[in-house]
Amino acid sequence: MSLPSTTDRPGPEGGPPPESGARRHSGGFRLPWAFIVLVALLAAGRFLLAPYLTDPALQTWATVFVAVCVQALPFLVLGVALSAAITAFVPPSFWTRALPRHTYAAVPVAGVAGAVLPGCECASVPVASGLMARGVAPPAALAFLLSSPAINPVVLVSTAVAFPDDPSMVVARFAASLVVAVLAGWIWARFGRAAWLPAPRRTVGTGEGKVSAFLDAMRHDLLHAGGFLVVGALAAATLNVAIPREWLTAVAGVPVVSVLVLALLAVLLSICSEADAFVAASLTAFSPTAKLAFLVVGPMADLKLIALQAGTFGRAFVRRFAPLTLVLAIGVSFVAGWTLL
Amino acid sequence: MSRQTQGAVLLVLGATLLSISAFSTTYLNYVRPGFRPLIVGAGAVLAALGLLSVVADMLGRPRAHDHGSRVAWLLAAPVFALVLVAPPALGAFAARRDDGSPARSRTAAHDALARSGVTELTLGEFIGRAYAPSSPTLAGRKVRLIGFAVPGEGGRGWYLTRMQVRCCAADALALEVAVHGAPAPAEDSWVAVTGTWVPWPDGVPDEYAVPDLTATEVSGIEQPTEPYE
Chain Y
1 MSLPSTTDRP
11 GPEGGPPPES
21 GARRHSGGFR
31 LPWAFIVLVA
41 LLAAGRFLLA
51 PYLTDPALQT
61 WATVFVAVCV
71 QALPFLVLGV
81 ALSAAITAFV
91 PPSFWTRALP
101 RHTYAAVPVA
111 GVAGAVLPGC
121 ECASVPVASG
131 LMARGVAPPA
141 ALAFLLSSPA
151 INPVVLVSTA
161 VAFPDDPSMV
171 VARFAASLVV
181 AVLAGWIWAR
191 FGRAAWLPAP
201 RRTVGTGEGK
211 VSAFLDAMRH
221 DLLHAGGFLV
231 VGALAAATLN
241 VAIPREWLTA
251 VAGVPVVSVL
261 VLALLAVLLS
271 ICSEADAFVA
281 ASLTAFSPTA
291 KLAFLVVGPM
301 ADLKLIALQA
311 GTFGRAFVRR
321 FAPLTLVLAI
331 GVSFVAGWTL
341 L
Chain X
1001 MSRQTQGAVL
1011 LVLGATLLSI
1021 SAFSTTYLNY
1031 VRPGFRPLIV
1041 GAGAVLAALG
1051 LLSVVADMLG
1061 RPRAHDHGSR
1071 VAWLLAAPVF
1081 ALVLVAPPAL
1091 GAFAARRDDG
1101 SPARSRTAAH
1111 DALARSGVTE
1121 LTLGEFIGRA
1131 YAPSSPTLAG
1141 RKVRLIGFAV
1151 PGEGGRGWYL
1161 TRMQVRCCAA
1171 DALALEVAVH
1181 GAPAPAEDSW
1191 VAVTGTWVPW
1201 PDGVPDEYAV
1211 PDLTATEVSG
1221 IEQPTEPYE
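Residue numbers (the working numbering), protein chains in the order written: chain Y, 1 to 341; chain X, 1001 to 1229.
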């Protein structure tokens, strides 16, 4: 796990190429042991354990856990496929033409471009990784990573539906999220070090190699990022069932604390960015600024996302990037809440 | 983790996603109905990728150098949760934990309800109408509501409840109506309640309060295929 996710991918330049090296014909047919063992375990568990797993708390936990996984997996598959396609099929020259050469100018352009990926945050992590592999400057790719789950049309429409009497909430969410994404990109451009990110992915050869590289990249990223997604889902489900909601109403009236509490709640609950506006709207006891912080922090730094980033970009990266986005998101929410709401 | 193991995990996960979405309606316990094509697609991609790896390995095809991380084993966790616990739709346990108030659409226009006969309403619409600022479209009208029973704390009364889900069960909110004039059914049992709304004593309240309903008939029903509103 400590290995950066992209360095152990097979490729023509690094490690033995799939076609020529490491050719191990073990001579004929081998049983798929791993598959047989997995299915046997599932079948045995179904008959031996299942009758005892009926506690309502456990069932509620399992429902939320499975729900987060089932909801996020299609977006992860989509993001991984897009990322693998970007690395395998889009030439690097495309990005140098599409984005301004200067990194500080490329950051806001990439941030606004986040609006075109309609999906939740799980898709944006692998896509940002694919962009970096194709030569897009990391600060620009990170601005895209942060802005895309918060400012795409699907999310803005659902925010408008959740706050029917309050169109300024949509404006504030859009503006605050974009500002946080651009600021984070610029700060990373000024202070970030290349060593905190994994080495760029190697480019892919031509012909048949492209398709097999595409499939290998997809399989690798799915397993790796998917494993971390499950870590995030486990944590989110546990906290979802374990946090007593009465604690929330107790602090709702306190000015600054209530904003910090909702920001923390957004981190812990890891609700999909397409649905978080409805949850925010239901927290009626809280101030609009607190709700805005919930909407800005959630798509940028929730548990599920932090786990995914750790899996994709490595721990050295996430140890610096997650606190940076969290502090920026809370700070910008305060300012936007005072000026816009 | 060998390529064969990686393939096995992907195949089992993909097959599970397909079985809860393409071949049954179990997925409705976890996400909105609109997610079906996405889940079927993801399941098919995962299963195909897994199958490719497993078959390539069975036939002894050359291996790319693979040392995928152990964290990938965790992808089997949702499969085990689905097969061993078979998590049902959120019920009374989740509803009791939620004390937020549902987001009400105060601006939505409401058509007048039929003066005679019974109108079937969702809990969300019933609560929305109860909070409509001007026209008392509910007063005196007979309505039929569907939900599960949540007995009140300390055996006082009971609530007809349904969870409202916008994306997945992690964002569920409880819609509740307090039912009067009928004994509490068993916890988590699904019922259809026919009755009339009890008007607010002093106009629409500012703070959210659960609306009341006087029941004339309570009958047990099967859990709907779509458990959430």
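Glycine included, C-beta positions come from ideal geometry on N, C-alpha and C.
Counting only unbroken stretches of 4 or more residues, the alpha helix (DSSP H) elements lying wholly within the stretch 281-327 of chain Y are 288-301, 303-313, in sequence order.
Using a 10 angstroms sphere on the CB of residue 68 of chain Y, the tally of other CB atoms reaches 16 or more, which defines it as buried. Identification of residues in the stretch 64-81 of chain Y having a C-beta nearer than 7 Å to some C-beta of chain X yields 64, 65, 66, 67, 68, 69, 70, 71, 73, 74, 77, given in sequence order. Residue 1172 of chain X is classed as buried because its beta carbon has at least 16 other beta carbons within 10 Å across all chains shown. Residue 98 of chain Y counts as exposed, since fewer than 16 other C-beta atoms from the protein chains shown sit within 10 angstroms of its C-beta. Contact annotation: the stretch 75-91 of chain Y touches the stretch 210-228 of chain Y, with at least three C-beta pairs closer than 8 Å. For residue 1206 of chain X, not one C-beta of chain Y is nearer than 8 Å to its own C-beta. Per DSSP, reduced to three states, the secondary structure at residue 54 of chain Y is coil, with no helix or strand assignment. Only residues of its own chain outside the window of five on either side were considered, and among them 144 have a CB closer than 7 Å to the CB of residue 113 of chain Y, listed in chain order. Boundaries of the beta strand (DSSP E) around residue 1164 of chain X: 1158-1164. The secondary-structure analysis by DSSP pairs residue 1072 of chain X with nothing; it has no beta-bridge partner. For residue 1214 of chain X, there is no enclosing alpha helix (DSSP H); the residue is part of the beta strand (DSSP E) that begins and ends at 1212-1220. For residue 278 of chain Y, the closest Cβ of chain X is nearer than 8 Å. For the options Y/61, Y/89, Y/45, Y/50, the alpha carbon positioned closest to that of residue 213 of chain Y is the one of Y/89.
Under the three-state reduction of DSSP output, residue 1176 of chain X falls in the strand class.
Closest in alpha carbon position to residue 1075 of chain X, among Y/282, Y/293, Y/240, Y/233, is Y/233.
Around the beta carbon of residue 1116 of chain X, fewer than 16 other beta carbons lie within 10 angstroms, which makes this residue exposed. Taking C-beta atoms as the reference points, residue 1145 of chain X and residue 1177 of chain X count as a pair closer than 8 Å. Contact note: residue 1041 of chain X reaches chain Y through 74, 77, using a C-beta cutoff of 8 Å and chain order. The beta-carbon of residue 1005 of chain X is placed less than 8 Å from the nearest beta-carbon of chain Y. Beyond the five residues adjoining it in sequence on each side, residue 1226 of chain X comes within less than 7 Å, by CB distance, of 1028, 1033 in the same chain, given in chain order.
For the pair residue 1190 of chain X and residue 1129 of chain X, the Cα-to-Cα distance works out to about 23 Å.
Put simply, the CB of residue 236 of chain Y is near chain X, with a gap under 8 Å to one of its CB atoms.
DSSP places residue 1181 of chain X outside both helix and strand once states are collapsed to three, so it counts as coil.
Taking 8 Å as the threshold, the shortest C-beta distance from residue 274 of chain Y to chain X falls below it. Distance from the Cα of residue 281 of chain Y is smallest, within the candidate group Y/85, Y/267, Y/270, Y/262, for Y/262. Under a criterion of Cβ atoms nearer than 7 Å, the residues of chain X adjacent to residue 218 of chain Y are, in order, 1049. In the structure shown, residue 1127 of chain X falls within a helical segment according to DSSP collapsed to helix, strand and coil. Taking 8 Å as the cut-off, the beta carbon of residue 103 of chain Y is found closer than this to the beta carbon of residue 139 of chain Y. Taking a beta-carbon distance threshold of 8 Å, residue 1112 of chain X does not count as an interface residue toward chain Y. Shown in chain order are the members of the stretch 30-49 of chain Y whose Cβ falls below 9 Å from a Cβ of chain X: 30, 31, 32, 33, 34, 35, 36, 37, 38, 39, 41, 42, 43, 45, 46, 49. Considering only X/1166, X/1179, X/1121, X/1019, the residue with the shortest C-alpha distance to residue 1156 of chain X is X/1179. When X/1071, X/1008, X/1220, X/1197 are compared, the shortest CA-CA separation from residue 1052 of chain X is found for X/1008. Residue environment for residue 52 of chain Y: exposed (fewer than 16 other C-beta atoms within 10 angstroms of its C-beta). Shown in chain order are the members of the stretch 279-292 of chain Y whose Cβ falls below 7 Å from a Cβ of chain X: 279, 281, 282, 283, 284.
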